[in-house]
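In the working numbering, the protein residues as written are 8 to 326. Some notes on the structure that comes next.
Structure follows, in structure tokens:
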């Protein structure tokens, strides 16, 4: 802690950002609590380069809380099409409903109220408060964690200590520049392998650099459950029959062909989710199953609705 206070690491990071940071990212200008919120939800499971186009498209359709007020859950899912982790879209729908019902259509500016919003955790709340409201709250995404672990040459801090150090590092005179800077530092310079220490503004204070040894944060090993699925491709006159009726909790509210569990056979597509490995096969059919509600979509409409990415990619090939 003493190293941080005596060497003004936070100020160094803020200054570095003003000269070298990615200030052209679309969520880093025209700052509003709403824009910060949407960008943070998108970036929870998505890389920056992928998120840019989706963020710009989302903002073109729903630039603020007023324009998104009457959006249905389907509307938001459709805007999310192809981005994956669709539960985030559901969280946005639930949160905007709560914001209009409980907070008079304004993004809350205090921690407890933000934490009451679906999909908002400590780091997202900290990002909204610090970046949009200029309040001294810490954030702790993967990049910030990496920077902290490198500076202090630790990989197995307790979570509480990471949060305390993130708060202590914070340059309270330049909150916006610091928060963006420390995230850029983690993603652009403090790389897992071959970090660019010669370009880092805090390299002279970094214990990992001084020791020429760079600990990696321990990652929990993930054991994915295997599932075997068969989708029934029902096509007629360049249209596909699609339904939302399925028992797949991870793809709830998404359009897809009728699906059923399948035998353990070689898969045409293997798609990995956070805790599942989906082994997917397809079967062509001309008949719509009985007792299943759905709609026919022309193949040109598929890009406009929310479909699981591996299914969408397969339909493009088939079409």
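Glycine residues also receive a C-beta, built at the ideal position from the N, C-alpha and C atoms. All values derive from a computational prediction rather than experimental measurement.
1) Would you be able to state if there are at least three C-beta pairs under 8 angstroms between the segment 190-199 and the segment 235-249?
2) Residues in its own chain within less than 7 angstroms of residue 19 by CB, not counting five upstream and five downstream?
3) Residue 130 and residue 148: beta carbons closer than 8 angstroms?
4) DSSP has residue 61 in a bridge; who is on the other side?
5) Contact between the segment 263-276 and the segment 288-298 is defined here as three or more beta-carbon pairs at a separation below 8 angstroms; is this criterion met?
6) Return the Cβ separation of residue 158 and residue 214 in integer angstroms, given the expectation that the two are a contact with Cβ distance under 8 angstroms.
7) If we count Cβ pairs, one from each stretch, closer than 8 angstroms, do we get three or more for the segment 130-142 versus the segment 33-46?
8) I need the straight-line Cα distance from residue 160 to residue 205, nearest angstrom please.
9) To the nearest angstrom, how far is the alpha carbon of residue 219 from that of residue 211?
10) Where does residue 159 fall in DSSP's three states?
11) Using only CA atoms, which one of 66, 39, 59 and 85 lies nearest to residue 315?
12) Classify residue 272: buried if its beta carbon has 16 or more other beta carbons within 10 angstroms, exposed otherwise.
13) Please tell me whether residue 91 and residue 52 are closer than 8 angstroms, where the distance is taken between their beta carbons.
14) According to DSSP, is residue 318 part of a helix, a strand, or is it coil?
15) Hey, how far is the Cα of residue 304 from the Cα of residue 280?
Taking the definition as stated:
1) Flag = no, the segment 235-249 and the segment 190-199 do not touch.
2) Residue numbering aside, residue 19 sits at position 12 when the chain shown is read from its first letter. Excluding residues up to 5 positions away in sequence, 208 and 209 lie with their Cβ nearer than 7 angstroms to the Cβ of residue 19 in the same chain.
3) Locating residue 130 in the chain shown gives position 123, where the first residue counts as 1. Locating residue 148 in the chain shown gives position 141, where the first residue counts as 1. Their beta carbons are under 8 angstroms apart, which means residue 130 touches residue 148 by this criterion.
4) Start at 1 with the first residue of the chain shown, and residue 61 comes out as number 54. According to DSSP, residue 61 bridges with nothing at all.
5) Taking 8 angstroms as the limit for Cβ pairs, the verdict is that the segment 288-298 does touch the segment 263-276.
6) Taking the chain shown and counting its residues from 1, one reaches residue 158 at position 151. Taking the chain shown and counting its residues from 1, one reaches residue 214 at position 207. So it is a contact: roughly 6 angstroms between Cβ atoms.
7) yes
8) Against the chain shown, residue 160 aligns to sequence position 153. Against the chain shown, residue 205 aligns to sequence position 198. Each residue's Cα considered, the two are about 18 angstroms apart.
9) Here the question's residue 219 lines up with position 212 in the chain shown. Here the question's residue 211 lines up with position 204 in the chain shown. Roughly 12 angstroms separates the two Cα atoms.
10) Stepping through the chain shown from its first residue, residue 159 is reached at position 152. The three-state reading of DSSP puts residue 159 in coil, since its state is none of H, G, I, E or B.
11) The residue labelled residue 315 in the question sits at position 308 within the chain shown. When each option's Cα is compared against that of residue 315, the closest is 85.
12) Along the chain shown, one-based indexing puts residue 272 at 265. Answer is exposed; the Cβ neighbour count stays below 16.
13) Your numbering for residue 91 matches position 84 in the chain shown. Your numbering for residue 52 matches position 45 in the chain shown. Against a cut-off of 8 angstroms, the Cβ pair of residue 52 and residue 91 comes out as a contact.
14) Looking up residue 318 in the chain shown gives position 311. If DSSP states are grouped into helix, strand and coil, residue 318 belongs with the helices.
15) Taking the first residue of the chain shown as 1, we reach residue 304 at position 297. Taking the first residue of the chain shown as 1, we reach residue 280 at position 273. Near 26 angstroms, if we compare the C-alpha coordinates of residue 280 and residue 304.
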